[in-house]
């Protein structure tokens, strides 16, 4: 076992721990939005560490290409999924933590909700 | 477009992943520390941030980059005028979150716009507590 493989092992171990922390965060954090942030630790940080560790175990140009592609796609989908869940949670009125300081969306929602609808729902293609 | 601006643009494209990796690591460690230590120091808030992004690509990249960092999450986005609503776990003030999102935006626009980054708008509509005037 050489040094590069050892570093790879350590990165993968750190990635596994990141998954554990993310799982604990699901229980520890107070509301939906904070929990989604906690999941990002697993989905983005943990996965990135494990993939980089894997690359250090089998370093080659084709593997670099494959792992970079996997990393980019994983990070993009985690972010899109997180946003979609947060928005669905907000639109269906998921309770917020008591510590929440202010809510700019609620101010918007208190105003007229006629033609424009909720600000989060506007789309590039519906004119306005 | 001068040679200098093209060079800056290429540097911006190369620098964006580095900044993101740094941001992801720092955010993960911060939220991870919050999870593992007893007690709760989080002060979450939903913050409305006006963007300088114009194209669909820039706005969707912006929303995704904010979501990617643990501790901040895009809840809603609007196309015209470009705005994102961000849930932040550590909102000491309204200003700090706006500044944080604008920092990410600076790095993004440096990579997407060869002509350079427009200056940040002053957030004049807010007072110290983050309330509308």
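Chains as they are written, first to last, in the UniProt record's numbering: chain P, 1 to 128; chain H, 1 to 133.
For each residue, glycine too, the CB sits at the ideal point set by N, CA and C.
Predicted, not measured: the structure shown is a model, and the values here were computed from it.
Have a look at residue i and residue j and give me their C-alpha separation to the nearest angstrom.
i: residue 10 of chain P; j: residue 31 of chain H; result: 21 Å
i: residue 68 of chain P; j: residue 24 of chain P; result: 28 Å
i: residue 48 of chain H; j: residue 104 of chain P; result: 6 Å
i: residue 10 of chain H; j: residue 2 of chain H; result: 13 Å
i: residue 27 of chain P; j: residue 79 of chain P; result: 21 Å
i: residue 94 of chain H; j: residue 74 of chain H; result: 15 Å
i: residue 8 of chain P; j: residue 90 of chain H; result: 32 Å
i: residue 145 of chain H; j: residue 73 of chain P; result: Beyond the ends of chain H as shown, which are 1 and 133, falls residue 145 of chain H; an answer cannot be given.
i: residue 27 of chain H; j: residue 71 of chain H; result: 6 Å
i: residue 21 of chain P; j: residue 45 of chain P; result: 11 Å
i: residue 126 of chain P; j: residue 88 of chain H; result: Here the model assigns residue 126 of chain P a pLDDT of 39, short of 50, so the residue's position is not dependable, and the following value carries that caveat. Cα to Cα, residue 126 of chain P sits roughly 29 Å from residue 88 of chain H.
i: residue 83 of chain P; j: residue 36 of chain P; result: 9 Å
i: residue 66 of chain P; j: residue 16 of chain H; result: 20 Å
i: residue 101 of chain H; j: residue 85 of chain H; result: 10 Å
i: residue 93 of chain P; j: residue 99 of chain P; result: 17 Å
i: residue 36 of chain H; j: residue 47 of chain P; result: 20 Å
i: residue 61 of chain P; j: residue 56 of chain H; result: 33 Å
i: residue 99 of chain H; j: residue 2 of chain P; result: 44 Å
i: residue 104 of chain H; j: residue 113 of chain H; result: 14 Å
i: residue 111 of chain H; j: residue 97 of chain H; result: 22 Å
i: residue 63 of chain P; j: residue 96 of chain P; result: 43 Å
i: residue 4 of chain P; j: residue 51 of chain P; result: 14 Å
By the DSSP assignment, the beta strand (DSSP E) with residue i in it spans what residues?
i: residue 74 of chain H; result: 72-78
i: residue 48 of chain H; result: 45-50
i: residue 117 of chain H; result: Note, residue 117 of chain H: premise wrong, no beta strand (DSSP E); not H, not E.
i: residue 86 of chain P; result: Element bounds for residue 86 of chain P: not the beta strand (DSSP E) but the alpha helix (DSSP H), 61-91.
i: residue 88 of chain H; result: 83-88
What is the residue span of the alpha helix (DSSP H) that residue i lies within?
i: residue 7 of chain P; result: 3-28
i: residue 97 of chain P; result: Looking at the DSSP string, residue 97 of chain P is not in any alpha helix (DSSP H), and its letter there is neither H nor E.
i: residue 42 of chain P; result: Run containing residue 42 of chain P: none; DSSP gives neither H nor E here.
i: residue 57 of chain H; result: 56-68
i: residue 5 of chain H; result: 3-36
So which residues on chain C does residue i lean against when the C-beta distance must stay under 7 Å?
i: residue 41 of chain P; result: Among the chains of the structure shown, chain C does not appear; the protein chains present are P and H.
Indicate whether at least one CB of chain P lies closer than 7 Å to the CB of residue i.
i: residue 87 of chain H; result: yes
i: residue 190 of chain H; result: Given that chain H is displayed from residue 1 to residue 133, the structure contains no residue 190 of chain H and the question cannot be resolved.
i: residue 97 of chain H; result: no
i: residue 7 of chain H; result: no
i: residue 91 of chain H; result: yes
i: residue 14 of chain H; result: no
i: residue 24 of chain H; result: yes
i: residue 10 of chain H; result: no
Please tell me whether residue i has its Cβ less than 7 Å away from any Cβ of chain H.
i: residue 35 of chain P; result: no
i: residue 83 of chain P; result: yes
i: residue 101 of chain P; result: yes
i: residue 8 of chain P; result: no
i: residue 86 of chain P; result: yes
i: residue 70 of chain P; result: no
Cβ of residue i versus every heavy atom of the ligand FAD: is any distance shorter than 6 Å?
i: residue 63 of chain P; result: Of the ligands one can find in the structure shown there are none, so the ligand FAD has no counterpart to examine.
Report yes or no: do three or more beta-carbon pairs, one from the region 55-65 of chain H and one from the region 37-56 of chain P, lie closer than 8 Å?
no
According to a CB-to-CB cut-off of less than 7 Å, which residues of the region 10-25 of chain P neighbour chain H?
18, 21, 24, 25
For the region 18-29 of chain H and the region 74-86 of chain H, state whether three or more C-beta atom pairs, one from each stretch, are separated by less than 8 Å.
no
Please confirm if the region 2-19 of chain P is in contact with the region 40-56 of chain H, defined as three or more CB-CB distances below 8 Å between the two stretches.
no
Using 8 Å as the threshold, is the region 95-104 of chain P in touch with the region 38-54 of chain P, meaning 3 or more CB pairs across them?
no
Positions along the region 37-64 of chain H whose CB lies within less than 8 Å of some CB in chain P:
40, 42, 43, 44, 45, 46, 47, 48, 56, 63, 64
Select from the region 99-110 of chain H all residues with a C-beta closer than 8 Å to any C-beta belonging to chain P, and list them in chain order.
none
What residues from the region 43-55 of chain P come within 9 Å of chain H, judged by C-beta to C-beta, listed N to C?
44, 45, 46, 48
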